[in-house]
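Chains as they are written, first to last, in the numbering used here: chain R, 1266 to 1387; chain H, 8 to 492.
Here's the structure, in structure tokens; my notes come after.
The structure is reproduced here in structure tokens:
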């Protein structure tokens, strides 16, 4: 996954999970639910994993597929975001993603932007 | 990472290969892989051997970092990994050595049915199972419980299900740990984990979870088969599932907390997914207590799934399940960490044995065996893939060298992504149908991801464990009806 900045990487990897996980079945606008998320970690690599796993966990308990991610504040060890999701019943779920793992985790600056590689347990 | 295709393994004998300690500075013990030359070619293709070497870094690890012949790349530990740490010597426990699907495991039921009796009913049975057993991603069941009740599940495991009428007391005797491991503490399970678990009791899940109707097609030990009440042509049923979202949440939370422990306890591991803490630390004790909760949840889950399966057979075949002889042979965990006593260099030691994609295989007369299996040794259930075979084995004395552990299945050869890219679902279904196998899956991707060709041949895997002497073949089954989540 690539992005222009750290916020972008966190947004793009989050978007990718749910894109892999599910495909929308119902056409038109769907009701949306908004959730605020705060995460803390020792460094940005851990922050990425904690962020992704928090999204997966919330998706499971709230029955939502998240489609919009606004990262309001991010640093090496903290993140504040607002995410927007739709009812999972409006989607066809293709793959269960158990978790994002530290296995082979890569998060670094690359050229003018950022690069991330995350392995998921599916 | 070193070039693993070039890694020089030391051949110990026909079925054991060693990664020397010198391979990577920091390895406390060697790695030992149970395999043969044939399977080794595939094993070298992914990072599994590197993971065996990484596990050897764990503080307190004894003897060797072990791998079974179904070894393949995992998260932290490889799948098929076994590692025991000495608790009194600062030995650690690692959530990565158990996995996200805590107590993913499998159970085998026998029946009094012969293939010829029900061959025209297989389709009905498969469709009824698919209809009546909740399966698929995020599946929710009809067994809904309150938070108070859920705590009881985490403490009592399969016993909870039996008390609710989802089975009989005899089922517990035929379950590892009698269906509940002592020392579970529901207080160390988070509210979020409870949320994820409360609607999923009695659900199959997805991925490689399944219910399979089988027929015994080969007997290897007639004395053992007689003792187990198994014969050629007999119908059996295998159920594979785990702790669902509750287990994933517990693993995630404790990997997070244990990543902090690496600095706190000055532990050096090459992979953060091997994050760990001494078993005798607050974090280690808390994880163990939470892991046991998830393990008990999984045993309750498989007990409920068996109950649902029995009810389906009753409905389709119009006979009570008892009359159909649908009794449990055994249930085994294959993702778990347990505190066990083992002899190490002539001394009895209390060890934390991690089995990640590996199965306990205790020999005859072991104190943890139920009376009915004292003479045979523990039944070991080995599922293969939906196109080939599965096995029933028993534990042996020689498996003391692997801390009484053996393989757990066939072992994946191709990733799910590679499977979806290369296998056609229609062609697969036609092929399975031509072999007399009826399959119902929740999606085409699930079907393709679980195609026989993405797995090693379980016959090769079982050959290794049998010939290495760490477990012994009893009989072989082939699938005739499968439901996948």
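Backbone N, C-alpha and C define an ideal beta-carbon position, used for all residues, glycine too.
Since the structure is predicted, the reported quantities are computational estimates derived from the model, not experimental observations.
Cβ neighbour criterion (16 or more within 10 Å) applied to residue i
i                      : result
residue 132 (chain H)  : buried
residue 8 (chain H)    : Confidence at residue 8 (chain H) is low in this model, with a pLDDT of 45, below 50, so the placement of that residue should be treated as unreliable; the coordinate-derived value is given next. The residue in question, residue 8 (chain H), is exposed, as its Cβ has fewer than 16 Cβ neighbours within 10 Å.
residue 30 (chain H)   : buried
residue 1356 (chain R) : buried
residue 372 (chain H)  : exposed
residue 1276 (chain R) : buried
residue 1318 (chain R) : buried
residue 1371 (chain R) : exposed
residue 1383 (chain R) : buried
residue 82 (chain H)   : buried
residue 424 (chain H)  : exposed
residue 1341 (chain R) : exposed
residue 215 (chain H)  : buried
residue 212 (chain H)  : buried
residue 1274 (chain R) : buried
residue 327 (chain H)  : exposed
residue 1377 (chain R) : exposed
residue 4 (chain H)    : Chain H is shown from 8 up to 492; residue 4 (chain H) falls before or after that span and cannot be answered.
residue 479 (chain H)  : buried
residue 486 (chain H)  : buried
residue 33 (chain H)   : exposed
residue 1288 (chain R) : exposed
residue 185 (chain H)  : buried
residue 289 (chain H)  : exposed
residue 398 (chain H)  : buried
Integer-rounded CB distance, given that residue j should sit under 8 Å from residue i
i                      : j                      : result
residue 360 (chain H)  : residue 340 (chain H)  : That pair is no contact at about 11 Å.
residue 301 (chain H)  : residue 257 (chain H)  : 5 Å
residue 136 (chain H)  : residue 319 (chain H)  : 5 Å
residue 393 (chain H)  : residue 323 (chain H)  : Contact doesn't hold; Cβ gap of about 20 Å is too wide.
residue 5 (chain H)    : residue 449 (chain H)  : Residue 5 (chain H) is absent from the structure shown; chain H starts at 8 and stops at 492.
residue 1314 (chain R) : residue 1360 (chain R) : The pair is not a contact, with the Cβ atoms about 19 Å apart (cut-off 8 Å).
residue 16 (chain H)   : residue 139 (chain H)  : Actually they do not touch by this definition, with Cβ atoms about 48 Å apart.
residue 482 (chain H)  : residue 226 (chain H)  : 5 Å
residue 113 (chain H)  : residue 388 (chain H)  : 5 Å
residue 1267 (chain R) : residue 1380 (chain R) : 6 Å
Residue-level contact to chain A via CB, residue i, 9 Å cutoff
i                     : result
residue 478 (chain H) : Looking for chain A here will not work: the only protein chains present are R and H.
Any non-hydrogen atom of the ligand SAM within 8 Å of residue i CB
i                     : result
residue 105 (chain H) : The ligand SAM is absent from the structure shown, which contains no ligand whatsoever.
DSSP beta-bridge partners of residue i
i                      : result
residue 482 (chain H)  : H:226, H:399
residue 337 (chain H)  : H:115
residue 264 (chain H)  : Partner(s): none; residue 264 (chain H) has no beta bridge.
residue 182 (chain H)  : H:338
residue 5 (chain H)    : With chain H represented from 8 up to 492, any question about residue 5 (chain H) goes unanswered, as that position is not in the structure.
residue 1268 (chain R) : R:1379
residue 1357 (chain R) : R:1288
residue 488 (chain H)  : H:220, H:445
residue 1301 (chain R) : R:1347
residue 1338 (chain R) : R:1345
Practice task
May I ask you to list, following chain order, the residues of the region 1322 to 1344 of chain R that have a beta carbon less than 7 Å from some beta carbon of chain H?
Solution key: 1322, 1325, 1326
Handout entry: Contacting positions in the region 197 to 208 of chain H - beta carbon closer than 7 Å to chain R
Key = 199, 202, 203
Handout entry: Cβ-based contacts, 9 Å cut-off: residues of the region 71 to 84 of chain H near chain R
Key = 80, 81, 82, 83
Problem - Within 8 Å of chain R by C-beta, residues of the region 433 to 459 of chain H in sequence order - result: 450, 452
Handout entry: Within 9 Å of chain H by C-beta, residues of the region 1272 to 1298 of chain R in sequence order
Key = 1286, 1287
Practice task
Closer than 7 Å, Cβ to Cβ, to anything on chain R: give me those residues from the region 400 to 432 of chain H, in chain order.
Solution key: 423
Exercise for the section: Say whether the region 95 to 103 of chain H touches the region 63 to 76 of chain H, bearing in mind that this needs 3 or more beta-carbon pairs closer than 8 Å, one atom from each stretch. Expected result: yes
Exercise for the section: Can you give me, in chain order, the residues of the region 84 to 114 of chain H that have a beta carbon less than 9 Å from any beta carbon in chain R? Expected result: 103, 106, 107, 108
Practice task
Evaluate contact between the region 296 to 314 of chain H and the region 77 to 95 of chain H, counting only Cβ atoms and requiring at least three cross-stretch pairs below 8 Å.
Solution key: no
Handout entry: Residues of the region 237 to 265 of chain H whose Cβ lies closer than 8 Å to any Cβ of chain R, in chain order
Key = 252, 255, 256, 258, 259, 262, 263
Practice task
Specify whether the region 407 to 424 of chain H and the region 449 to 468 of chain H touch according to this definition: at least 3 beta carbon pairs, one from each stretch, less than 8 Å apart.
Solution key: With a cut-off of 8 Å, the region 449 to 468 of chain H and the region 407 to 424 of chain H count as touching, because enough Cβ pairs lie within range.
Handout entry: At least 3 beta-carbon pairs within less than 8 Å: the region 36 to 49 of chain H vs the region 17 to 24 of chain H
Key = Pairwise C-beta distances place the region 36 to 49 of chain H in contact with the region 17 to 24 of chain H, as three or more of them are shorter than 8 Å.
Practice task
Give a yes or no on contact between the region 207 to 216 of chain H and the region 361 to 371 of chain H, applying the rule of three or more CB pairs nearer than 8 Å.
Solution key: no
Problem - At least 3 beta-carbon pairs within less than 8 Å: the region 225 to 244 of chain H vs the region 115 to 130 of chain H - result: Output reads yes: the region 115 to 130 of chain H touches the region 225 to 244 of chain H.
Exercise for the section: Name, going along the chain, the residues of the region 34 to 64 of chain H whose beta-carbon falls closer than 7 Å to a beta-carbon of chain R. Expected result: The residues in question: there are none.
Practice task
Evaluate contact between the region 269 to 279 of chain H and the region 163 to 175 of chain H, counting only Cβ atoms and requiring at least three cross-stretch pairs below 8 Å.
Solution key: no
Practice task
Note down, in chain order, all residues in the region 1364 to 1382 of chain R with a beta-carbon under 7 Å from any beta-carbon belonging to chain H.
Solution key: 1364, 1366, 1367, 1368
Practice task
Could you say if the region 378 to 387 of chain H and the region 441 to 458 of chain H meet the contact criterion of at least three C-beta pairs nearer than 8 Å?
Solution key: no
Problem - Touching by the beta-carbon criterion (3+ pairs, under 8 Å), the region 1288 to 1298 of chain R and the region 1336 to 1353 of chain R - result: yes
Handout entry: Selection of the region 207 to 223 of chain H by Cβ proximity to chain R, strictly under 9 Å
Key = 212, 213, 214
Handout entry: Residues within the region 166 to 193 of chain H neighbouring chain R, beta-carbon criterion of under 7 Å
Key = none
Practice task
Identify each residue in the region 116 to 132 of chain H for which the Cβ-Cβ distance to at least one residue of chain R is less than 7 Å, and report them in chain order.
Solution key: none
Problem - Residues in the region 360 to 376 of chain H having any Cβ partner in chain R nearer than 9 Å - result: none
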